[in-house]
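To start, the structure itself, in structure tokens.
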Amino acid sequence: MEVVYNVKYKFKTKDNKNNNELKEIFNKKLLNIIIALENQELLLKNF
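Below, the structure is given as structure tokens:
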């Protein structure tokens with residue numbers, strides 16, 4: 009399943025990275041957020 013998000017994110021680094029590197033970093037950050045939210049939701053369902 010592929011989900012497309014229309015999100016703008018401003019990186020706090022001054023490093024020059026190409027688009028693919030930025031996309032990879034952003035996808036990892038977004039994945040971490042989604043996993044954290046799903047874990048939180050599972051914890052709430054167990055109460």
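Heads up: the sequence shown begins at 9 in the working numbering, then just goes up one per residue.
Think of the CB as a built atom: it goes at the ideal place given N, C-alpha and C, for glycine as much as any other residue.
Here the structure is a predicted model, which means the values were calculated and not measured.
Option nearest I33 by Cα separation, candidates N47, K20 and L51
To locate residue 33, count along the sequence shown from 1; it is residue 25. Put simply, of N47, K20 and L51 the residue whose alpha carbon is nearest the alpha carbon of I33 is K20.
C-alpha gap between V15 and L39, whole angstroms:
Here residue 15 corresponds to residue number 7 of the sequence shown, with the count starting at 1. Here residue 39 corresponds to residue number 31 of the sequence shown, with the count starting at 1. So the alpha carbons of these two residues sit roughly 13 Å apart.
Just the Cα atoms here: how many angstroms apart are E29 and I42?
Here residue 29 refers to the residue found at position 21 of the sequence shown. Here residue 42 refers to the residue found at position 34 of the sequence shown. Near 20 Å, if we compare the C-alpha coordinates of I42 and E29.
Excluding the 5 residues preceding and the 5 following Y17 in the sequence, name in chain order all residues of the same chain whose CB lies nearer than 8 Å to its CB.
Taking the first residue of the sequence shown as 1, we reach residue 17 at position 9. Counting only Cβ-Cβ distances below 8 Å, and skipping sequence neighbours, we find F34 and K37.
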